[in-house]
Structure formats: structure tokens, C-alpha cells
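Reading the sequence shown from the start, the letters are residues 1 to 384 in the UniProt record's numbering.
A virtual CB, placed ideally from N, CA and C, is assigned to each residue, including glycine.
Here is the structure we will look at.
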Amino acid sequence: MGDTQRPAKKTAKSRPKPASTNEPQFVQLLSPEGRRVKHPDYDLDLTQDEYRGLYRDLVITRELDAQGTALQRQGQLGLWPSLLGQEAAQVGSGRALRAQDTVFPAYRELGVQWCRGIDLISAFALFRGTDLGGRDTVADRFNMYAIVIASQTLHAAGYAMGVAMDGAVGTEDGEAVIVYHGDGATSEGDFNEALVWAGVFNSPLVFFCQNNQYAISESNARQFVLPPHRRAEGFGVPGIFVDGNDVLATYAVTRAALDRARRGEGPSLVEAYTYRMQPHTTSDDATRYRDEAELDFWRAKDPIVRYRKWLAAEGLADEAYFAQIDTEAGEQVRALRARVMALTDPEVSEMFDNVYAEMPASIAAQRADAVDFAASLEDGSDLR
């Protein structure tokens, strides 16, 4: 597992990981230098258009994410959680999903949302404060962003139990559920409880851990002794350790885990070993806990650079194609920016809508009071 080597840390608090003969093999199909690697258990055989499409996903996701940071710095968003560096983990896993699968995201899964074909304006409207969460998540099969760390893992576990109880698993066309979370979430009680329930009830759930090395400002060494994929075994759940900066490996591993779930063979935990190149969010100062040498170490493993090298070496894409994607990404950014700037404040009544299938009388009364109060502010009738 030479590619997983971390840069040297000058800290007395780092603890060595105990050796184990049960350590899963690190799954990698594309080296940081852009060289194809064979793996006995995981492989991909996609069409040229599919290989090229993954590059398009990676580039457009990165550019749209960068626009989120820019908009926040310009005062147009309240906050933005960048995914820079994690594009391969999100695109690879997102493209492995089938139409019938359901996603429970954390709060930076813009790349997965892109791959699912869901209008990205909902994510930007959320962080602009103009979206109160009224999107039809049942139709989208993509739930709302979860800001409370690890809370979505329990939601996903319960939903996956329901999928199994409905008899929607057991065939190659069954339904699977995937929940996205970070390494920090694995230290929460919710995550561990979700693993208990998913394992005991053999739920069709894939826990997809984007291990980006930091739970906000706490490094892996301060979070756990055994990494997430090793800890899965204690819950009776198989753990898979994959290069999260390798879009091909992430695709192959996630597809296998989802297929296993849909066949009724139970949950899995995928640890995608990656890195968050930007601060935790735009309110974080990452220079307090990491240095430039660490960033350089991970820049050499950039998911887009390595994939582009491989496409070019294999003759799957040329400079004209890469330029075409850059142009399209720029168009996507300009269109999105215009839409974000055109977002208007929601009506006060919207916070009550799309919450209950049938609104209780008490909530309806609160809604009416809120509407009346907002109207009084407009006409000045409440001013003394």
C-alpha cells in the first residue's frame, strides 16, 4: 500500500497503527502517474464515451465547486464546503449508482448530485439561504444535505431496512442505498449505531466514507487507531479500502458494493482514501493545522491530472476534447452564477410547506400567524 503513505508529521500525538494479517488490499486501478493497474477482484471495461464522460464529470464538478467558493467570498453565499480534491471519490461512486438507488448525502456531495442529474441550484440556494428544503427527495432519490455530522447514517440505515422489508432486494435489479460521510463521522455514535442496525438487519446499504484526512481540524491520528474500513469488521460488515483519488477504482468498488447490497447480501463500508485540498468550509482557516508540504504531497495525486494522463496515453481523448470540456465547464459556471444571482428570498410560508403530507391544525395556525406578521412588517401596521 505504498501509495497511501502520508507525509511525515511532527507530532508526538500520532500513534502507530497495529499490524494485522486481515488488512484489506488497497484497491487502485490508476496510479498517480496515470498508469493502469490491474486488480484481481475489481476491474472496469467501459466504452470510450463512458471513459471520456468521467473526465467531463470530474472537470465540470471541480469548476462548479470553485464557483461556490468564489460566490461565498463575494458575499453571495453564507457558506460553502468545497470538495476540491475529492472529485474522483464522488464521480466514481456517483456514476456507479443506478436509477433505482437512493442517496443520503452529507453536505459537500455536489459531484454526486451532478452525476445523479439533479439541478445543482438546490445546493447553492441552500447555502444562499433561499432554499428551505422543499425539494421532492422521494422523486429525486437524493435526500437533503445533512449538516449534523453522521445524522444521515441513521436515516439511511432506517430507509434501507424499509427497502428490504418491502422486498425490493434479492435480484440483480434490486434497490440499493448509499450514505456519504466523512472520517469524522465515524467517531460519532450515530454512525456506529447505524452500522449495528444495518448489519443486524442485513440492510442493502453502502456506507461511503470519504476519508479526506481531517474532521474539520483534527487529523486521522487524533480520531482513531484503526481506520474505518478495518473497524467495519467488528460490526460484521465487510470493509473495502480504495484509492479515493482514482475515479476508476472508486467506480468499480462502489458498483460491486451496491450490487452486493441489491442482491440481498447486506451492507458494506467503502473507505475512499482522499484529501480535502481546501479548508473544511469557507469559515475555516486550514493553515492552523496543516502546511504547504502536506498540500504538495497530495497535489501529486490529483484525481483529474492522473485521469487526463491516462486518457491521452490510451488515445481515448485528445487536446481538442480536453479544450471542449474546458469550454463547456466555463459555460456551466456562467449559467449557474447567473441563476444564483437571480435567486429571490423565499416567502415566510415556505418554511411550513412540504413538511407534512397533511398539515396539522397547530402548524397551520402557526403558518397563518407567520404570514400575518410578515404582512404587518410590509405595511408597517405593527410599528408603534
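Contact between the stretch 294-312 and the stretch 252-271 is absent: fewer than 3 CB-CB pairs across the two stretches fall below 8 Å. Residue range Glu87 to Ala96 is occupied by the alpha helix (DSSP H) that includes Gly92. Shown here, Phe127 sits in a helix according to DSSP, grouped into three states. Here Ile363 is exposed. Its C-beta has fewer than 16 other C-beta atoms within 10 Å.
Inter-residue distance for Ala198 and Glu294 is about 36 Å (C-alpha atoms, whole angstroms).
In this structure, Ala123 sits away from Tyr180, with a CB-CB distance that is not shorter than 8 Å. Judged by DSSP secondary structure, Ile60 falls within the alpha helix (DSSP H) whose first and last residues are Gln48 to Arg73.
Here Tyr275 has Gly85, Asn212, Gln213 and Trp298 as same chain residues with Cβ atoms under 7 Å from its own Cβ, once five neighbours each way along the sequence are excluded.
Here DSSP, grouped into helix, strand and coil, assigns Phe373 to helix. Comparing alpha carbon positions, the residue from Ala317, Ser283, Leu83 and Ser187 closest to Asp49 is Ala317. Apart from sequence neighbours up to five positions away, the residues of its chain that approach Glu350 with a beta-carbon distance below 6 Å are Leu132, ordered along the chain. In this chain, the alpha helix (DSSP H) harbouring Leu110 covers Leu110 to Cys115. In this structure, Asp119 sits away from Ile178, with a CB-CB distance that is not shorter than 8 Å. Looking at the DSSP output, Leu269 bridges to Phe207 and Gly239.
If you draw a straight line from the Cα of Phe26 to the Cα of Arg231, it is about 15 Å long. Short of 7 Å from the beta carbon of Ala252, and not among the five residues preceding or following it, lie these beta carbons of its own chain, in chain order: Leu29, Tyr42, Asp43 and Leu44.
Taking C-beta atoms as the reference points, Arg95 and Asp57 count as a pair closer than 8 Å. The C-beta distance from Pro238 to Ser268 rounds to 5 Å, short enough to meet the 8 Å contact threshold. Distance from the CA of Glu33 to the CA of Ala272, rounded to the nearest whole angstrom, comes to 19 Å. Distance between Leu71 and Phe127, taken at the CA atoms: about 10 Å. Between Val163 and Glu175, the gap from beta carbon to beta carbon is short of 8 Å.
With contacts defined by Cβ atoms closer than 8 Å, Gly244 and Gln223 do not form a contacting pair. CA-to-CA, the gap between Val112 and Ala249 works out to about 16 Å. Boundaries of the alpha helix (DSSP H) harbouring Phe322: Glu319 to Met341, taken from the DSSP string. In this structure the stretch 322-340 lies against the stretch 58-68, because at least three pairs of beta carbons, one per stretch, are closer than 8 Å. In the pairwise beta carbon analysis, the stretch 278-293 is classified as not touching the stretch 193-208: fewer than three pairs are separated by under 8 Å. Collapsing the DSSP output to three states places Gly182 in a strand. DSSP places Val37 in no alpha helix (DSSP H); its state is neither H nor E.
Within 10 angstroms of the beta-carbon of Gly182 lie 16 or more other beta-carbons, which makes it buried. Short of 8 Å from the beta carbon of Thr137, and not among the five residues preceding or following it, lie these beta carbons of its own chain, in chain order: Asn143 and Met144. Residue environment for Pro360: exposed (fewer than 16 other C-beta atoms within 10 angstroms of its C-beta). With distances taken between CA atoms, Ala125 lies nearest to Pro346 out of Phe235, Pro346 and Glu314. Comparing alpha-carbon positions, the option among Leu205, Ile149, Ala157 and Gly75 lying closest to Ser187 turns out to be Ile149. Looking at Ala139, Thr153 and Thr61, the one whose alpha-carbon comes closest to that of Phe104 is Thr153. Note: Ala215 is bridge-paired with Glu218 in the DSSP secondary-structure output.
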